[in-house]
Amino acid sequence: AQSVAQPEDQVNVAEGNPLTVKCTYSVSGNPYLFWYVQYPNRGLQFLLKYITGDNLVKGSYGFEAEFNKSQTSFHLKKPSALVSDSALYFCAVRDRTRGGSYIPTFGRGTSLIVHP
Amino acid sequence: GAGVSQSPSNKVTEKGKDVELRCDPISGHTALYWYRQSLGQGLEFLIYFQGNSAPDKSGLPSDRFSAERTGGSVSTLTIQRTQQEDSAVYLCASSSIAGVGETQYFGPGTRLLVL
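Residue numbers (the working numbering), protein chains in the order written: chain A, 7 to 122; chain B, 64 to 178.
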């Protein structure tokens, strides 16, 4: 079984400050982990993913995420937030175990609001 | 290149009518997924295609929902006898293959409103 949790429905941050959007996961084996962003009235856009290798993954628009196996987390971070980063962010997980589901499980989403 | 496209972008229908939603995936992508996103909710998986076959239909909420994919490309999601609770955004995604750490590419969605 696989599951993902985004414990915060909403994150508020001032422009220029660092931001963190939290994600924790549960899988039987090792995970593939993804972050997507959804702007209003748009589909989801891929930001970054962890497959294997370096635990720090860098993605689009200056975002990065760190895979922490011991804490089963994959938090999304950005050193300096922009107002244009305001959007809905989704974390997703898929179990890499052979025979695992081909379907990623998505979190409920976290609304990021960056204040000017 | 072209991304995933969906049509119509918006659909308003009356309760009890049938609707068809279309998804045109990225050329060459063999895997195609349908999700439903209700207001304030996350993504609800509906059905997954590998080529023209659907190995996983587990997310279809009732027998009023069906989907097909022809020629390994375009997919149609059909909702029969629509109900008000069917109102949501229906998202389609495609990926090059399934079974590895593939990235899903999403279309803009179809906003369905059942009156």
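Cβ atoms here follow ideal geometry from the backbone N, Cα and C, with glycine treated the same way. This structure is a prediction, so every number in the text was calculated from the model and none was measured.
Own chain residues within Cβ distance below 7 angstroms of residue i, not counting five before or after
i          : result
Asp-101(A) : Gln-8, Val-33, Ser-34, Gly-35, Pro-37 and Ser-107
Lys-80(B)  : Thr-145
Asp-15(A)  : Thr-116 and Ser-117
Gln-147(B) : Lys-78 and Val-177
Secondary structure of residue i, DSSP reduced to three states
i          : result
Glu-21(A)  : coil
Ser-159(B) : coil
Tyr-67(A)  : helix
Val-152(B) : strand
Val-89(A)  : helix
Gln-147(B) : helix
Cys-29(A)  : coil
Gln-16(A)  : strand
Arg-43(A)  : What sits at residue 43(A) in the sequence shown is Val, not Arg. DSSP places Val-43(A) in strand when its eight states are reduced to three.
Ser-125(B) : coil
Residue i vs residue j beta-carbon contact at 7 angstroms
i          : j          : result
Asn-126(A) : Ala-87(A)  : As shown, chain A starts at 7 and ends at 122. That puts residue 126(A) outside it, with no answer to give.
Gln-104(B) : Val-152(B) : no
Val-63(A)  : Glu-21(A)  : no
Asn-115(B) : Gly-135(B) : yes
Gln-12(A)  : Gly-113(A) : yes
Phe-73(A)  : Asn-61(A)  : yes
Pro-110(A) : Ala-98(A)  : yes
Contact set for residue i: own chain, Cβ-Cβ below 8 angstroms, skip 5 residues either direction
i          : result
Phe-169(B) : Val-67, Leu-154, Cys-155 and Ala-156
Asp-91(A)  : Leu-25, Tyr-67, Lys-84, Leu-118 and Val-120
Same chain, Cβ closer than 6 angstroms to residue i, five either side skipped, listed in chain order
i          : result
Gly-65(A)  : Leu-53 and Leu-54
Thr-141(B) : Glu-83 and Ser-129
Tyr-111(B) : Tyr-96 and Asp-119
Worksheet entry | At least 3 beta-carbon pairs within less than 8 angstroms: the segment 74-92 of chain B vs the segment 39-55 of chain A | no
Worksheet item: Taking contact to mean at least 3 C-beta pairs separated by less than 8 angstroms, is the segment 95-113 of chain B in contact with the segment 54-73 of chain A?
Response: no
Fill in: Contact the segment 111-119 of chain A vs the segment 118-130 of chain B: 3+ CB pairs below 8 angstroms
No, the segment 111-119 of chain A does not touch the segment 118-130 of chain B.
Item to complete: Check distances from the C-beta atoms of the segment 163-177 of chain B to those of chain A and list, in chain order, the residues that come in under 9 angstroms.
Response: Val-163, Gly-164, Glu-165, Thr-166, Gln-167, Tyr-168, Phe-169, Gly-170, Pro-171, Gly-172 and Arg-174
Worksheet item: Going along the chain, which residues of the segment 58-70 of chain A sit with their C-beta nearer than 9 angstroms to a C-beta in chain B?
Response: Thr-58
Worksheet item: If you measure beta-carbon to beta-carbon, which residues of the segment 80-106 of chain B are closer than 9 angstroms to chain A?
Response: Ala-94, Tyr-96, Tyr-98, Gln-100, Gly-103, Gln-104, Gly-105 and Leu-106
Item to complete: With 7 angstroms as the C-beta to C-beta threshold (strictly closer), list the residues of the segment 115-133 of chain B near chain A in chain order.
Response: Taking 7 angstroms as the Cβ-Cβ cut-off, the segment 115-133 of chain B approaches chain A at Asp-119, given in chain order.
Discussion item. To be precise: take each residue of the segment 71-99 of chain A, compare its Cβ to all Cβ atoms of chain B, and keep it if any distance is under 9 angstroms. Which residues remain?
Written reply: Phe-96 and Ala-98
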